[in-house]
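Residue numbers (the numbering used here): 467 to 712.
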């Protein structure tokens, strides 16, 4: 049959629908997706998503083409498709060609980018808030205090470097989209890191009238294996949430 031969050449799941609202034929990919018994059925009994039905309806009504994106359950997972309907004429028959393209990976990558940008934006707020607090202190009480000025400038330099690394991450989305994850081998001194985080969040804590105290011997060193920037983000987030909601 000429219709089946032509449709089989389409590299995507494809259906041909008649003006009588029935599925005239389906290629192998479409049979795999919708079942082997769809030919001859009313399309509305096979394609039940409202957006899909609307696109087919407007195409049957005379529009040359209609497109939509929708998500449907396939087994135990959700799959996102781009569906295109197009009016075609084959051997004097006016038909509707309906094709489906799986864009689940594209949709997931897009969502990962959105999540990553939102996360980086959140992470940038903490060092920016700390820098603003230190600048205010240096312009006021610590203006003539050389020791305090040096301490604050050292912390500000670290926070600025951290922001630079976050921006580098933002410009390298491939790191987030990659499934590969290298186990960190860096040795991080935990006590000093926690003290640094407490100092970073000091301005926010003061504005909320919250006292922060690190228990234990501040001169002791405790080393753990990890990524210092990521650990810093975790501790800063914990402190930030504790200050806001504690």
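All C-beta atoms in this analysis are idealised placements derived from N, C-alpha and C, irrespective of residue type, glycine included.
Counting C-beta pairs closer than 8 Å gives fewer than three between the stretch 597-612 and the stretch 509-520, which falls short of the contact rule. Counting the other CB atoms within 10 Å of its CB gives residue 711 a total below 16, which places it among the exposed residues. Residues of the same chain with a CB within less than 6 Å of the CB of residue 573, apart from the 5 flanking positions on each side, are 546 in chain order. According to the DSSP assignment, residue 554 belongs to no alpha helix (DSSP H) but to the beta strand (DSSP E) extending over 543-556. With a beta-carbon spacing of about 6 Å, residue 478 and residue 495 fall inside the 8 Å limit used to define contacts.
In this structure the stretch 649-669 lies against the stretch 689-696, because at least three pairs of beta carbons, one per stretch, are closer than 8 Å. In the three-state reduction of the DSSP assignment, residue 675 falls in the coil class, being assigned neither a helical nor a strand state. Rounded to whole angstroms, the gap between the alpha carbons of residue 590 and residue 676 is 22 Å. Bounds of the alpha helix (DSSP H) holding residue 571 are 570-605.
When Cβ pairs closer than 8 Å are counted between the two stretches, the stretch 603-614 is seen not to touch the stretch 531-549, the count staying below three. Around the Cβ of residue 502, a 10 Å sphere holds fewer than 16 other Cβ atoms; the residue is exposed.
Residue 468 carries a helical assignment under DSSP once its states are collapsed to helix, strand and coil. If you draw a 10 Å sphere on the C-beta of residue 679, you find fewer than 16 other C-beta atoms in it, and that means exposed. When the five nearest sequence neighbours on each side are left out, the beta carbons in the same chain lying within less than 6 Å of the beta carbon of residue 530 are those of 553, in order along the chain. In this structure, residue 522 sits away from residue 569, with a CB-CB distance that is not shorter than 8 Å. According to the DSSP assignment, residue 483 belongs to the beta strand (DSSP E) that extends over 480-483.
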